[in-house]
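In our numbering, the protein residues as written are 151 to 731. I have placed the structure first, in the form of structure tokens, so that the comments after it can refer back to it.
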Ligand code: ASP
């Protein structure tokens, strides 16, 4: 038997017991007549003691030969510690070692296995198995397990069934490129890895499963943005005989349950906002509502004076920075430079200082008087002591720019408290989105999303105005889930494909299976999917999802530990019919 207890288990109540422990050598301290080893496993650290009076010479010698991260088994007696360590659970006791077996030696690790390590990101990823021995990473994985388990508990308790769907499938359009897998047995043909189980979960509804969920890997071959992974995990869900309201209530329940069980925070009813309202008030479809700084649209009060820049803009819009009047001229100039960086792309920024005495001082005083500026202050909700920042230009661009500024300032002002949870449902998303590159409309969510029935008539005349029964759940400025009520009849689905530029044949070739299924009594249905990696990171009060994934890929989509992707041998290419002549 390798062990009677684990390294986090022994307490004062075990004193005098004979025990056996196995684990890794975290630390060795030698005072000559006495030596200590910190023995570590997943559960904690137990101190081992060897002393010249009570330990035989040979054993003392073997202890001195131990190195960091050696794997050992020890047997001995639990004794009371002379100097207790209140910082660890086992701090009242130590083990007077009577026998020691070396189970395996270890090379000196390339970085220290400590909470604060000296290892850089790339090195830690290369030796991720060593990184996982560190508390911060280990605890994150345990945390993730807890979240996943609570998801399963909650959904199972309300009669959801977890069903596995295949990974080797045909393309599911979720807006990204597919990863493809060549088929050896069908030369020249390829499977696609699912971008999501979307069509399968809909088919499970046609199959009468009623309530489905799955904690499932999805694969999207996208240009990697910061903190995205080419493979990621979704909590994928679908329900039958539901309207949007049913879905929102069910998954508001799940989210509340998680935040209560995991964070001990009880949330009241989640606020809701339409997509249009979110764009108008925050310039963003996933607004962080933990803080204010709402947009004030200024067209009415800033246009038709002599300031040309504003007169020619689609939208003039500002936010008030609390306490921003204290910024020096230099600091404001820096802010202006910040919005003009290519990543943000504003052409400039107008600002108004709201002085303590109720007067205003702006960068455009030549064009606007105190009355005008008072109007701006009212529209942006600025108080004396604030700074109003105003951008102008093409509506969607200027909204994105001001939203970026709002988030940046909130970060700088410490308004994004990770202990606070501010959920928000965003509803009534547009069905279609204009794509400049392809000069075509794309499904904003995916092609299976149902248009609002009253808007179907607009599909021909004003496709951009058609709203969908689609919703996102936003938490602290992050989209943590999104879904929709689906189309469940063949005609509407065919109409959608047609509007997305598929010919009838193309639609049939790619999605014939779904359209066929819709002819066999498809029930009304809808669903949602949560991004588990991001959800776990937010509940854990952290920003990077990589810290919550056991073996993540780096920013170029590589696994630096196993060194993938990698070329494959010619024979293998040959077998797959992929060999280039
Ligand atoms: N399949 C969708 C997605 O991955 C979610 C859904 O509509 O349920 O975003």
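Ideal placement from N, C-alpha and C gives every residue a C-beta, glycine not left out.
| Item | Value |
| --- | --- |
| Neighbour-count burial assignment, residue 670, 16 or more Cβ in a 10 Å radius | exposed |
| Where the beta strand (DSSP E) through residue 630 begins and ends | 628-635 |
| Identified DSSP bridge partners for residue 179 | 186 |
| Residue 734 - partner residues in DSSP beta bridges | This structure cannot settle anything about residue 734, because the visible part of the chain is limited to 151 through 731. |
| Rounded Cβ spacing between residue 677 and residue 351 (contact assumed at less than 8 angstroms) | 6 angstroms |
| Cβ pair count under 8 angstroms reaching 3, the stretch 435-449 against the stretch 513-531 | yes |
| Proximity test, residue 348 beta-carbon vs the ligand ASP heavy atom, cut-off 6 angstroms | yes |
| Beta-carbon gap between residue 576 and residue 428 smaller than 7 angstroms | yes |
| In DSSP terms, what residue 580 is bridged to | 617 |
| Contact test: residue 634 Cβ vs the ligand ASP heavy atom, cutoff 6 angstroms | yes |
| Rounded separation between residue 319 and residue 622 - CA only | 26 angstroms |
| Rounded straight-line distance, which links the Cα of residue 379 to that of residue 693 | 14 angstroms |
| Nearest-angstrom Cα separation, counted from residue 226 out to residue 204 | 12 angstroms |
| Runs of alpha helix (DSSP H) lying entirely within the stretch 190-254, each at least 4 residues, in chain order | 207-214 |
| Residue 538 versus residue 716: straight-line alpha-carbon distance, rounded | 52 angstroms |
| Cβ-Cβ separation, residue 552 to residue 541 (assumed contact under 8 angstroms), whole Å | 5 angstroms |
| Cβ neighbours of residue 220 in the same chain (closer than 6 angstroms, five flanking residues each side left out) | 175, 255 and 256 |
| Cβ-based neighbour list, residue 625, same chain, cut-off 6 angstroms, excluding 5 preceding and 5 following | 573 and 688 |
| Alpha-carbon spacing of residue 365 relative to residue 705, whole angstroms | 24 angstroms |
| Cβ distance (whole Å) where residue 502 is taken to contact residue 496 below 8 angstroms | The pair is not a contact, with the Cβ atoms about 16 angstroms apart (cut-off 8 angstroms). |
| Residue 677 beta carbon near the ligand ASP (any heavy atom closer than 6 angstroms) | yes |
| Cβ contact (3+ pairs, closer than 8 angstroms) linking the stretch 638-649 and the stretch 592-600 | yes |
| Classification of residue 361 by the beta-carbon crowding that lies within 10 angstroms, buried from 16 upward | buried |
| Delimiting residues of the alpha helix (DSSP H) encompassing residue 409 | 394-413 |
| Cβ separation of residue 594 and residue 613, assumed to be a contact under 8 angstroms, to the nearest whole Å | 11 angstroms between Cβ atoms; not a contact. |
| Proximity test, Cβ basis, 7 angstroms: residue 614 and chain D | Absence of chain D from the displayed structure is noted, only one protein chain being present. |
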